[in-house]
Structure formats: structure tokens, C-alpha cells
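Undergrad:
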Amino acid sequence: MKDKDRDTLLTELKTDMKWVVKGLTNHLFSHSRMNIMAWSTAAGALIALILMLIKSLGK
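For reference, each letter of the sequence shown is one residue, going 27 to 85 in this note's numbering.
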């Protein structure tokens, strides 16, 4: 994988994360506590996915 490809992918990831975080915070503040559990699970899965992506880029 070229460095340029990696930089582009990381930039896209950062942009996606900004939207995810914004969506999460908006959601948490405007909804009931029950959804906090669902969102934290989803966030955990997303973080695991991103870590896997970063590991595969690191090779």
C-alpha cells in the first residue's frame, strides 16, 4: 500500500470519526438512558473495527 493511499484512508477515517462522535453525543443527550447501552456497544464495535484497519495498514 502506498503512503498516499494510507494518508487518504486515515483522513477519511478521522472525518468519519468526527461525524460518529457528533452523532453519538447528539443521540446520548437527546434520548433515554436505554440507548446509551446500545450506543456504547456500537461504539465499541466501531473502535475494534478501526483498530483492525490500522493494524492492517501498519503491515
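Ideal Cβ positions, reconstructed from N, Cα and C, are used throughout, including at glycine.
Remember, predicted model here, so these are calculated numbers, not experimental data.
(1) Report the three-state DSSP secondary structure of residue 40 (helix, strand or coil).
(2) Could you round the C-beta distance between residue 72 and residue 47 to whole angstroms and report it? I think they count as a contact, below 8 angstroms.
(3) Residue 50 and residue 65: beta carbons closer than 8 angstroms?
(4) Do residue 35 and residue 75 have their beta-carbon atoms positioned less than 8 angstroms apart in this structure?
(5) Using DSSP with H/G/I as helix, E/B as strand and the rest coil, what is residue 30?
TA: Working from what's here:
(1) Three-state DSSP puts residue 40 in a helix.
(2) Between residue 47 and residue 72 the Cβ distance is about 10 angstroms, and since that is not below 8 angstroms, they are no contact.
(3) Yes, these two residues count as a Cβ contact at 8 angstroms.
(4) Contact: no.
(5) Correct three-state label for residue 30: helix.
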